[in-house]
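What follows is a short report on a single structure.
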Amino acid sequence: MKQDLGPPPRGGLVELREPDNRVVDEADKGTMRGVRRSLVGQSVGIAAVCLICDAVDFAFLGPGLLHTHLGVLRLIVIILVDSALALPARFSGWVALAHGLSGFLLLGGNYAGRLIAGYRAGAWLRGWSAPASLVALAGGVVLSRMWIVHQSWLGVCLQVGSSAILPWLVGRYTTARRAYIDEMRHRREVQARHAAAEVDKAVARERTAIARDLHDVISHHVSAIGVHAGAARMKLNGAQTGSGVTDSLAAVEAASRSAMVDLRTMLDLLHGAADTASQPGLDNLEELLQNVRRSGLATKLTVLGVPRAVPGSLDIALYRITQEMLTNALRHGDGTLVEVEITYLDSSIALAARNGIGAGAEVSGTGRGLAGIRTRVAMFAGTVRHGPSEDNRCWETMVTVPIEGAS
20 MKQDLGPPPR
30 GGLVELREPD
40 NRVVDEADKG
50 TMRGVRRSLV
60 GQSVGIAAVC
70 LICDAVDFAF
80 LGPGLLHTHL
90 GVLRLIVIIL
100 VDSALALPAR
110 FSGWVALAHG
120 LSGFLLLGGN
130 YAGRLIAGYR
140 AGAWLRGWSA
150 PASLVALAGG
160 VVLSRMWIVH
170 QSWLGVCLQV
180 GSSAILPWLV
190 GRYTTARRAY
200 IDEMRHRREV
210 QARHAAAEVD
220 KAVARERTAI
230 ARDLHDVISH
240 HVSAIGVHAG
250 AARMKLNGAQ
260 TGSGVTDSLA
270 AVEAASRSAM
280 VDLRTMLDLL
290 HGAADTASQP
300 GLDNLEELLQ
310 NVRRSGLATK
320 LTVLGVPRAV
330 PGSLDIALYR
340 ITQEMLTNAL
350 RHGDGTLVEV
360 EITYLDSSIA
370 LAARNGIGAG
380 AEVSGTGRGL
390 AGIRTRVAMF
400 AGTVRHGPSE
410 DNRCWETMVT
420 VPIEGAS
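Reading the sequence shown from the start, the letters are residues 20 to 426 in my numbering.
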């Protein structure tokens, strides 16, 4: 029986095909071989069970037939047609035809094999070969039951419905349902990919806009600060001015260069040319404090607890928070010692900064610096406390962030 093996219509029945070897890597080839062996084993097992059931049924229905040549011939036919169930799915049409003919010759003695043959034909065949296989199976039942057994029309209809039409329809439904589920899964995957692509495009556009602003505005001003500070320092050195002013200008120049390095790193990150490993973290705090000391502000770093690895994004955020704390101390402090304290707890890390309160300093906590700290801490589900100490002698900013779950 000729079978239509062309591609199925979209959303219709599907046929398992081995992928093109040119695009399948070695791991996929191994998986395909394992699946193929499993399917072959299952087909052989099904064929064996059908053969045993039909052979035992034939033996009990007509034990005397086994002593005749006709009985032996019928048993051989049962063995052959049931063994054909182990053949690949592309032979399902021929197997269904064989079971239809054998049903006529065996008077319906291959009931179990005919059920599986009908299921396979409904599940795997398409085009004209699918209804042709159903006609072959039903025709075998009709001929055997009406012309030889002389069964009533009602009995014939029941036999045709239970042993031919029903398994064929179950196979058809199973394959159609599997195709529908695969189509729905494919649509969800496509929608998810499209949504992710749109988010990536939006993020890329926002990053580009931020990078453009940083490059065109912030970088220009910071570069100008460094250039003017360097020029002023050189002029003052030539005039043999006091070293205090020269040191301050050198600190401004060094800070501007450091800011330019950070800006370039941020621009690289925004453009996707660097990873978080290039960003400073807690290991760079001493360098940060050293830059602050050059400006004339004394700093002290204290580490409590057992230091341990901190997730990359949290490590960067804590560095930036410390940087903002020191900036606030420079702007609003009294110019005395700034104490920075890091405490490693069991499931969190605490960061605190204490500095003297300068004259006219804001203590309301509504400045941009504190707002930036709160924003960074909120990203990691942390807490922020800030304000004057109990004795009103210093300003305290304390941050606590859980380590578990940060990435």
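Just so it is clear, CB atoms sit at the ideal spot from N, CA and C, and this is done for glycine as well.
For the beta strand (DSSP E) containing residue i, list its first residue and its last residue.
i: PRO407; result: 402-407
i: ARG373; result: 367-375
i: ILE361; result: 357-363
Output the boundary residues of the alpha helix (DSSP H) element that contains residue i.
i: THR341; result: 331-351
i: PRO150; result: 148-162
i: LEU177; result: 172-179
i: GLN309; result: 304-313
Alpha carbon to alpha carbon, what distance is there between residue j and residue i?
i: TYR363; j: TYR338; result: 15 Å
i: TRP113; j: LEU104; result: 10 Å
i: LEU304; j: VAL218; result: 35 Å
i: LEU370; j: THR50; result: 51 Å
i: SER275; j: ARG327; result: 31 Å
i: GLN210; j: ALA216; result: 10 Å
i: LEU70; j: GLY159; result: 19 Å
i: GLY401; j: VAL420; result: 4 Å
i: ILE98; j: LEU144; result: 24 Å
i: LEU153; j: THR194; result: 16 Å
i: ALA278; j: VAL329; result: 24 Å
i: ALA221; j: MET398; result: 20 Å
i: ALA66; j: TYR199; result: 29 Å
i: LEU345; j: VAL311; result: 8 Å
i: ARG212; j: HIS205; result: 11 Å
i: VAL325; j: ILE340; result: 21 Å
i: TYR192; j: ALA142; result: 8 Å
i: SER148; j: GLU202; result: 25 Å
i: LYS48; j: ARG56; result: 12 Å
i: THR355; j: VAL396; result: 27 Å
i: ASP302; j: SER332; result: 14 Å
i: SER62; j: ALA140; result: 14 Å
i: SER121; j: LEU106; result: 17 Å
i: ALA390; j: ASN347; result: 12 Å
i: HIS247; j: VAL271; result: 10 Å
i: SER408; j: ILE422; result: 27 Å
i: ALA336; j: LEU255; result: 38 Å
i: VAL161; j: ILE95; result: 22 Å
i: ASN374; j: GLY388; result: 15 Å
i: GLY174; j: LEU156; result: 16 Å
i: GLY190; j: TYR138; result: 5 Å
Consult DSSP for residue i and reduce its assignment to one of helix, strand or coil.
i: VAL325; result: coil
i: THR193; result: helix
i: PRO421; result: strand
i: LEU144; result: coil
i: LEU92; result: helix
i: LEU320; result: strand
Quick one: is residue i buried, meaning 16 or more other Cβ sit within 10 Å of its Cβ, or exposed?
i: ASN129; result: buried
i: PRO427; result: Residue coverage of the chain in this structure runs from 20 to 426, which leaves residue 427 outside it and unanswerable.
i: ALA317; result: exposed
i: GLU208; result: exposed
i: VAL357; result: buried
i: LEU58; result: exposed
i: THR416; result: buried
i: PHE79; result: exposed
i: SER171; result: exposed
i: LEU307; result: buried
i: VAL16; result: Missing from the structure shown is residue 16; the chain here goes from 20 to 426 and no further.
i: GLY64; result: exposed
i: VAL418; result: buried
i: GLU343; result: buried
i: ASP410; result: exposed
i: GLY315; result: exposed
i: HIS178; result: The displayed chain sequence assigns Gln, not His, to residue 178. Result: buried.
i: HIS88; result: exposed
i: GLY119; result: buried
i: ILE368; result: buried
Check whether the Cβ of residue i lies closer than 7 Å to any heavy atom of the ligand ZN, and answer yes or no.
i: ALA67; result: Among the components modelled here there is no ligand, and therefore nothing to report on the ligand ZN.
Please determine if the region 349-364 and the region 318-329 are in contact, where contact requires at least 3 C-beta pairs separated by less than 8 Å. yes
For the region 130-143 and the region 170-189, state whether three or more C-beta atom pairs, one from each stretch, are separated by less than 8 Å. yes
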